[in-house]
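Numbering (the numbering used here), first residue to last: -18 to 465.
Below is one structure, written out as structure tokens; comments come after it.
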């Protein structure tokens, strides 16, 4: 490329640099002589005195960029590469995205770089590779920084703090908001008592409770019920660390909520005809089955009586064949000829009486409760080993941040520790005793209510949902399968 006009750029950030031979005058003098030797015409000298090379937000540099885009010169000349910028990212941006894009060459005197030559193109390629390497290094250091925050228990949600908490800049943790914490506790209590998420949502909205900016939504409550942050821990990349913030929900209640959440998901998959059994109108909807063919029983309503009441009965879904293929069918649409209709008040009354028997007879309840076997897993020992591994990983992190080990050493050693930790955690998962004990405690808690007969229909329905998995009905018998 034949050079016609040259833009000289000179920069110095401090008096110290000027003393070392980088003064504005010295740079400009050397570059002017080079232009004379090359018979190049100088369009303008762009001078940034007292500006750092860490950023390109400098007056003369911005003017240079503007003039480059309007084609006022065809070559940019600097004394040394770091006079243009000390940042690899910014240098690449200027040379590739500003100069090259506008057909402008770039020459650095000291390094003998000229982008109009093959060597200059090689320089650009190397610059791109270095910039990518630098990005990865920054990314890794940021990840390690976040890991360090999580390890120390600091909040990972400074931009979007969970409902119930307020971010504290001084402690870099979260403070409990008392009024919101009460709502969190209410949500867990109502969910474990058998209420559906939709009914919890509607109840909060009907009473005028709102989130920080809008009415309650299904997803928000679902998130609250599954966020481990409320137990006083912080989570990062699938790892759990003790947080500096105060717990709103104890770990036992949280575990029970997760078990209940999983149970409801399973029921949703099983009950295709009733995808949300915990929103069902009737006590046994989604749980009651025909004891002959296994199909669900649906509620049938008879004519209104003179006293204003109506005959209601559970009826087998397969008593009649479905004429349309798009309707849900069971047992290949084979008609169930054995089943009959079962009066709602009789079936539900029987279920309530059976629940009362469990309430009144602890020995009967113990027959149903799964008794935890004697554990073969030393839980405390394994948890202690996991904590030691966490500390070792944390030490590796500190060594890397202090440049005492390389990123390769960090990865290889950390991977080894994480592998050991995964094995230990897998052993812990085999010990289900704690969950069984929690479920037993929750069952006893639900059965501790007084006078079931005086409860509202909705309260009785919610109680049944928390205790029963399935009810099989035939003309001769009603069989209840409890969910514990």
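Cβ atoms here follow ideal geometry from the backbone N, Cα and C, with glycine treated the same way.
Residue 392 versus residue 340: straight-line alpha-carbon distance, rounded: The alpha-carbon atoms of residue 392 and residue 340 are separated by roughly 56 Å.
Three CB pairs or more closer than 8 Å across the segment 168 to 187 and the segment 142 to 156: No, they do not touch.
Kindly indicate which residue of 39, 375, 229, 200 has the alpha-carbon position closest to the one of residue 222. Comparing Cα positions, the closest option is 375.
Residue burial classification, residue 227 (beta-carbon count within 10 angstroms, cutoff 16): Flag for residue 227 reads exposed.
Distance, residue 433 Cα to residue 241 Cα: Going by C-alpha positions, residue 241 is about 22 Å away from residue 433.
Could you give the first and the last residue of the continuous beta strand (DSSP E) run that contains residue 467? This structure cannot settle anything about residue 467, because the visible part of the chain is limited to -18 through 465.
As a quick exercise: from 203, 286, 181, 316, pick the residue whose alpha carbon is nearest that of residue 300. Ranked by how close their Cα comes to the Cα of residue 300, the residues 203, 286, 181, 316 have 316 in first place.
Nonlocal neighbours in the same chain, by C-beta distance under 7 Å from residue 50, ignoring five residues either side: Excluding sequence positions up to five before and after residue 50, its CB lies within less than 7 Å of the CB of 83, all in the same chain and listed in chain order.
Counting C-beta neighbours from all protein chains within 10 Å, is the total for residue -8 16 or more, i.e. buried, or is it exposed? By the neighbour-count definition (other C-beta atoms within 10 Å, threshold 16), residue -8 is a buried residue.
Residue burial classification, residue 147 (beta-carbon count within 10 angstroms, cutoff 16): Exposed is the call here.
Can you tell me whether residue 291 is buried or exposed? The criterion is at least 16 other CB atoms within 10 Å of its CB, across all chains shown. Classification for residue 291: exposed.
Who are the Cβ neighbours of residue 196 in its own chain at under 6 Å, not counting the five residues just before and after it? Closer than 6 Å at the Cβ level, and outside the excluded window around residue 196, lie 186.
Cα-Cα separation, residue 451 to residue 403: Their Cα atoms are separated by approximately 36 Å.
Nearest-angstrom Cβ-Cβ length linking residue 398 and residue 370, presumed shorter than 8 Å: In this structure residue 398 is in contact with residue 370, their Cβ atoms being roughly 5 Å apart against a cut-off of 8 Å.
Just tell me which of 209, 328, 9 has its CA closest to the CA of residue 60. Looking at the Cα atoms, 9 is the closest of the given residues.
Thinking C-alpha only, which one of 282, 364, 201, 58 is nearest residue 477? Here the chain has residues from -18 to 465 only, and residue 477 is not among them.
Extent of the continuous alpha helix (DSSP H) run through residue 48: Counting along the chain, the alpha helix (DSSP H) containing residue 48 begins and ends at 40 to 50.
In this structure, does DSSP put residue 425 in helix, strand or coil? DSSP places residue 425 in helix when its eight states are reduced to three.
Separation of residue 323 from residue 243, as counted between CA atoms: The alpha-carbon separation between residue 243 and residue 323 amounts to approximately 31 Å.
Residue 281 to residue 293 span [Cα, whole Å]: Going from the Cα of residue 281 to the Cα of residue 293 covers about 6 Å.
Taking the alpha carbon of residue 65 as the reference point, which residue from 53, 79, 19 has its own alpha carbon closest? Comparing Cα positions, the closest option is 79.
How is the alpha helix (DSSP H) around residue 451 delimited, first residue to last? It is not in any alpha helix (DSSP H) - residue 451 instead sits in the beta strand (DSSP E) that spans 449 to 454.
Flag residue 177 as yes when its Cβ comes closer than 7 Å to any non-hydrogen atom of the ligand GTP, and as no otherwise. The model on display carries no ligand, and the ligand GTP is accordingly not part of it.
Compute the beta-carbon to beta-carbon distance between residue 329 and residue 265, rounded to the nearest angstrom, for a pair I have assumed lies under 8 Å. In this structure, residue 329 and residue 265 form a Cβ contact; the two beta carbons are roughly 7 Å apart against a cut-off of 8 Å.
Who are the near neighbours of residue 327 in its chain, counting only those whose CB is closer than 7 Å to its CB and skipping five residues on each side? None.
Cβ of residue 58 within 8 Å of Cβ of residue 88? Yes, Cβ-Cβ distance for residue 58 and residue 88 is below 8 Å.
DSSP three-state label for residue 215, please. Under the three-state reduction of DSSP output, residue 215 falls in the strand class.
Using DSSP bridges, identify the partner residues of residue 280. In DSSP, residue 280 forms a bridge with 295.
If you compare alpha carbons, which of 94, 53, 263 is closest to residue 442? Residue 442 has its Cα closest to that of 263, out of 94, 53, 263.
As assigned by DSSP and simplified to three states, the class of residue 149: Here residue 149 sits in strand by DSSP.
Top-ranked residue by Cα proximity to residue 295, from 288, 287, 268: If we check each option's Cα against that of residue 295, 268 comes out closest.
Roughly how many angstroms lie between the CA atoms of residue 69 and residue 27, to the nearest whole one? Spanning the alpha carbons of residue 69 and residue 27 requires a straight line of approximately 21 Å.
First and last residue of the beta strand (DSSP E) that includes residue 324? Element bounds for residue 324: 322 to 324.
Is residue 42 near residue 63, with beta carbons less than 8 Å apart? Taking 8 Å as the cut-off, the Cβ atoms of residue 42 and residue 63 do not count as close.
For residue 288, does the three-state DSSP call read helix, strand or coil? Coil at residue 288, not helix or strand.
Do you know offhand how far residue 105's Cα is from residue 157's? Cα-Cα distance, rounded: 53 Å.
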